[in-house]
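A.B. asks: Below are the structure tokens for one structure; questions will follow.
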Ligand code: ADP
């Protein structure tokens with residue numbers, strides 16, 4: 495039984511977790527840096543504890559202070575949200591050692607999936623299709639050359655400890671393999687302290703399609719359908735939708751079952767996401783995220799489920815609330831990530847929010863920790879709001895989203911609302927015809943015009 499949850503995060507996701515907890519009659523403890531003393535998650539939580547100065551390394555990543563806060567508040571569970579410590583296996587282990595329920599997967603699953611070479615090996619063993627590539631790490635250029643010749647150029651050099659696209663190099667031909675592999679290793683060493691790299695076939699125009707999964711840790715699992723997150727800028731997702739306009743119901747059911755059975759074999763506990771590239775009708779596993787995703791609300795919209803509540807239930811040792819046969823998909827949902835950034839240059843735009851008015855009406859959900867008078871601190875992620883809109887079909891969803899964006903008022907800082915407005919009117923977007931390359935090309939064309 496969980497009675498009090500410490501939320502080891504900030505911003506909209508801290509609020510999201512607080513809401514699920516209060517819906518279940520569970521008390522919440524907010525932790526915050528000195529920069530976030532006035533934050534919404536601090537105001538709404540039942541208790542709040544300051545855990546350090548503004549830099550995340552000293553506060554939201556400060557394991558000792560967070561554990562101390564949980565003990566002082568006598569929290570019986572910790573929810574890490576996304577980012578920060580959510581995929582830190584060591585932290586998850588420490589939480590469990592303190593007899594505090596970890597609202598996340600077993601530390602060993604976080605560790606396995608956090609190492610990309612290990613993750614691919616595991617994915618293959620549980621029956622997921624991989625991108626053709628090296629069998630594990632490549633150590634010499636000669637070895638890389640052999641693999642690249644076998645799979646064909648272009649190839650991608652990727653960092654085993656990678657994240658956010660760092661330590662990743664596209665190699666067009668044999669001549670550039672040596673130098674680009676050296677660059678990737680140097681970048682990986684600098685960013686992650688680990689220069690292990692591996693090779694993959696470079697797919698030219700794939701879509702990014704990910705499946706939401708849930709396990710009970712005892713071999714039962716469900717999949718909750720897919721999300722299409724192909725609209726990315728610098729490997730950062732900008733807009734996500736469910737279902738993917740590129741999948742047929744038969745493809746969804748078939749791949750969903752492959753993924754569900756893989757998660758069951760793993761004995762996975764809690765929420766997770768299996769990410770794939772999808773090209774020419776085929777799926778290729780790229781990674782598993784062992785946490786709640788930013789874009790989880792689109793799945794909630796089309797399934798009617800509360801994923802955070804499900805995480806809490808599973809962490810408390812309860813069974814999954816539904817079987818695969820009971821999962822119902824209906825309608826269409828799209829999420830716009832609204833950032834405090836210049837919509838043309840993407841330069842961060844922190845500062846004081848003067849007016850704030852969130853849209854409403856049929857099918858509209860806003861997940862945001864903003865309020866009028868709030869000062870967006872410069873220290874953290876620039877995501878300030880997620881606008882999630884539901885419609886009976888994709889076109890109704892798109893029209894409602896356009897209407898909701900018209901209603902959305904944030905003044906005092908720049909936001910990416912105008913970018914989303916332009917995106918929703920693009921003919922390719924209207925047709926659902928886009929790959930992971932599309933947004934960068936579209937942005938480049940706009941910058942020139
Ligand atoms: P990271 O953990 O650094 O984000 P991922 O493996 O998730 O790395 O890949 C990030 C992004 O890079 C993917 O969403 C996709 O856009 C692109 N990518 C990854 N692997 C390939 C590949 N084999 N071919 C083409 N693009 C890829």
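Residue numbers (the working numbering): 495 to 943. Think of the CB as a built atom: it goes at the ideal place given N, C-alpha and C, for glycine as much as any other residue.
Is there at least one non-hydrogen atom of the ligand ADP closer than 7 Å to the beta-carbon of residue 662?
C.D. replies: Your numbering for residue 662 matches position 168 in the chain shown. Correct: residue 662 has its Cβ closer than 7 Å to the ligand ADP.
A.B. asks: Given a threshold of 16 other Cβ atoms within 10 Å of its Cβ, counted over all protein chains shown, does residue 839 qualify as buried or as exposed?
C.D. replies: Indexing the chain shown from 1 puts residue 839 at position 345. Exposed, since its Cβ has fewer than 16 Cβ neighbours within 10 Å.
A.B. asks: What are the boundary residues of the alpha helix (DSSP H) that includes residue 558?
C.D. replies: Within the chain shown, the letter at position 64 stands for residue 558. That run of the alpha helix (DSSP H) goes 557-567.
A.B. asks: Drop a sphere of 10 angstroms on the beta-carbon of residue 848, count the other beta-carbons inside from all chains shown, and report buried for 16 or more, exposed for fewer.
C.D. replies: For the purposes of this step, residue 848 is taken as residue 354 along the chain shown, with counting starting at 1. Exposed, by the Cβ-count rule.
A.B. asks: For residue 520, which three-state DSSP category applies?
C.D. replies: For this step, residue 520 is matched to residue 26 along the chain shown. Coil, per DSSP.
A.B. asks: Would you grab the beta carbon distance between residue 506 and residue 862 for me? Rounded to a whole angstrom, and I think it's under 8 Å.
C.D. replies: Translated into the one-based positions of the chain shown, residue 506 becomes position 12. Translated into the one-based positions of the chain shown, residue 862 becomes position 368. Their Cβ separation, rounded to whole angstroms, is 5 Å, which keeps residue 506 and residue 862 in contact under 8 Å.
A.B. asks: For residue 833 versus residue 910, is the C-beta spacing smaller than 8 Å?
C.D. replies: For this step, residue 833 is matched to residue 339 along the chain shown. For this step, residue 910 is matched to residue 416 along the chain shown. The answer is yes: Cβ separation under 8 Å.
A.B. asks: Regarding residue 729 and the ligand ADP, is the C-beta to nearest heavy atom distance less than 7 Å?
C.D. replies: Residue 729 sits at position 235 when you count from the first residue of the chain shown. True, at least one ligand heavy atom lies under 7 Å from that Cβ.
A.B. asks: Measuring from the CB of residue 911, is there a heavy atom of the ligand ADP at a distance below 7 Å?
C.D. replies: For the purposes of this step, residue 911 is taken as the residue at position 417 of the chain shown. Checking every heavy atom of the ligand ADP against the Cβ of residue 911, none is found closer than 7 Å.
A.B. asks: At which residues does the alpha helix (DSSP H) containing residue 946 begin and terminate?
C.D. replies: In the structure displayed, the chain extends from 495 to 943; residue 946 sits before or after that span and is not available.
A.B. asks: Is residue 495 helix, strand or coil by DSSP?
C.D. replies: In the chain shown, residue 495 corresponds to position 1, counting from 1. Coil.
A.B. asks: Roughly how many whole angstroms lie between the Cα atoms of residue 942 and residue 916?
C.D. replies: The sequence position of residue 942 within the chain shown is 448, counting from 1. The sequence position of residue 916 within the chain shown is 422, counting from 1. If I take the Cα positions, the gap works out to 15 Å.
A.B. asks: So is residue 774 buried or exposed if we call it buried at 16+ other beta carbons inside 10 Å?
C.D. replies: The sequence position of residue 774 within the chain shown is 280, counting from 1. Exposed, because fewer than 16 other Cβ atoms sit within 10 Å of the Cβ of residue 774.
A.B. asks: For residue 502 and residue 573, which I take to be in contact (beta-carbon distance under 8 Å), what is that distance rounded to the nearest angstrom?
C.D. replies: Numbered from 1 along the chain shown, position 8 holds the residue referred to as residue 502. Numbered from 1 along the chain shown, position 79 holds the residue referred to as residue 573. Correct: roughly 7 Å between the Cβ atoms.
A.B. asks: Straight-line CA distance for residue 836 to residue 724?
C.D. replies: Here residue 836 refers to the residue found at position 342 of the chain shown. Here residue 724 refers to the residue found at position 230 of the chain shown. Each residue's alpha carbon lies about 22 Å from the other.
A.B. asks: Could you work out which residue in 651, 688, 690 is closest to residue 673 when comparing CA atoms only?
C.D. replies: The sequence position of residue 673 within the chain shown is 179, counting from 1. For residue 673, the nearest C-alpha among the options comes from 651.
A.B. asks: If I follow the unbroken alpha helix (DSSP H) through residue 803, where does it start and stop?
C.D. replies: In the chain shown, counting from the first residue as 1, residue 803 sits at position 309. Segment 801-809, the alpha helix (DSSP H) holding residue 803.
A.B. asks: Does DSSP put residue 578 in a helix, a strand or coil?
C.D. replies: Residue numbering aside, residue 578 sits at position 84 when the chain shown is read from its first letter. Here residue 578 sits in coil by DSSP.
A.B. asks: Would you mind working out which of 897, 813, 884, 786 sits nearest residue 581, comparing C-alpha positions?
C.D. replies: Numbered from 1 along the chain shown, position 87 holds the residue referred to as residue 581. Per the Cα distances, 786.
A.B. asks: Among 851, 766, 732, which residue has its Cα nearest to the Cα of residue 829?
C.D. replies: Walking along the chain shown from the start, residue 829 turns up at place 335. Considering only alpha carbons, the answer is 732.
A.B. asks: Please classify residue 851 as buried or exposed, where buried requires at least 16 neighbouring CB atoms within 10 angstroms.
C.D. replies: On the chain shown, position 357 is the one that residue 851 refers to. Classification for residue 851: exposed.
A.B. asks: With distances taken Cα to Cα, identify the nearest neighbour of residue 944 among 532, 564, 749.
C.D. replies: The first residue shown for the chain is 495 and the last is 943, placing residue 944 beyond what the model contains.
A.B. asks: Straight-line CA distance for residue 562 to residue 531?
C.D. replies: As a first step, residue 562 must be located in the chain shown, where it is residue number 68. As a first step, residue 531 must be located in the chain shown, where it is residue number 37. In a straight line, the C-alpha of residue 562 is about 18 Å away from that of residue 531.
A.B. asks: Suppose contacts are defined by Cβ-Cβ distances below 8 Å. Is residue 865 in contact with residue 534 by that definition?
C.D. replies: Stepping through the chain shown from its first residue, residue 865 is reached at position 371. Stepping through the chain shown from its first residue, residue 534 is reached at position 40. Yes, these two residues count as a Cβ contact at 8 Å.
A.B. asks: In angstroms with no decimal places, state the Cα-to-Cα distance between residue 557 and residue 608.
C.D. replies: Indexing the chain shown from 1 puts residue 557 at position 63. Indexing the chain shown from 1 puts residue 608 at position 114. Answer to the nearest angstrom: the Cα atoms are 19 Å apart.
A.B. asks: Give me the residue from 617, 883, 939 with the minimum Cα distance to residue 855.
C.D. replies: The count along the chain shown starts at 1 and reaches residue 855 at position 361. Out of 617, 883, 939, 883 has the C-alpha closest to the C-alpha of residue 855.
A.B. asks: Does the Cβ of residue 835 lie closer than 7 Å to at least one heavy atom of the ligand ADP?
C.D. replies: Reading the chain shown from its first residue, position 341 is the one you call residue 835. Answer for residue 835: no, Cβ out of range of the ligand ADP.
A.B. asks: Could you check where the beta strand (DSSP E) with residue 726 kicks off and where it finishes?
C.D. replies: Within the chain shown, residue 726 is the residue found at index 232, counting from 1. Note, residue 726: beta strand (DSSP E), 715-727.
A.B. asks: Consider the C-beta atom of residue 934 and the heavy atoms of the ligand ADP; say whether any pair is separated by less than 7 Å.
C.D. replies: Within the chain shown, the letter at position 440 stands for residue 934. Not so, every heavy atom of the ligand ADP lies at least 7 Å from the Cβ.
A.B. asks: Based on Cα-Cα distance, which residue from 619, 675, 766, 614 lies nearest to residue 638?
C.D. replies: Taking the first residue of the chain shown as 1, we reach residue 638 at position 144. Selected option, being the one with the closest Cα: 675.
A.B. asks: Quick one: what does DSSP say residue 782 is sitting in, helix, strand or coil?
C.D. replies: The count along the chain shown starts at 1 and reaches residue 782 at position 288. Three-state DSSP puts residue 782 in a strand.
A.B. asks: Using a 10 Å radius around the Cβ and a threshold of 16 neighbouring Cβ atoms, would you call residue 667 buried or exposed?
C.D. replies: The residue you call residue 667 lines up with position 173 of the chain shown. By the 10 Å Cβ count, residue 667 comes out exposed.
A.B. asks: What residue range is occupied by the uninterrupted beta strand (DSSP E) comprising residue 875?
C.D. replies: Start at 1 with the first residue of the chain shown, and residue 875 comes out as number 381. First-last for residue 875: undefined, no H or E at that position.
A.B. asks: Starting from the N-terminal side, write out each stretch of the alpha helix (DSSP H) that is 4 residues or longer and does not extend beyond the region 831-907.
C.D. replies: Whole alpha helix (DSSP H) segments, 4+ residues: 888-901.
A.B. asks: Can you check the region 609-683 for any alpha helix (DSSP H) of at least 4 residues that lies completely inside it and give the ranges in chain order?
C.D. replies: Counting whole runs of 4 or more residues, the region 609-683 contains the alpha helix (DSSP H) stretches 610-619, 635-645.
A.B. asks: Could you tell me whether any non-hydrogen atom of the ligand ADP is closer than 7 Å to the CB of residue 789?
C.D. replies: Along the chain shown, read from residue 1 onward, the residue named residue 789 stands at position 295. No, Cβ of residue 789 sits at least 7 Å from all heavy atoms of the ligand ADP.
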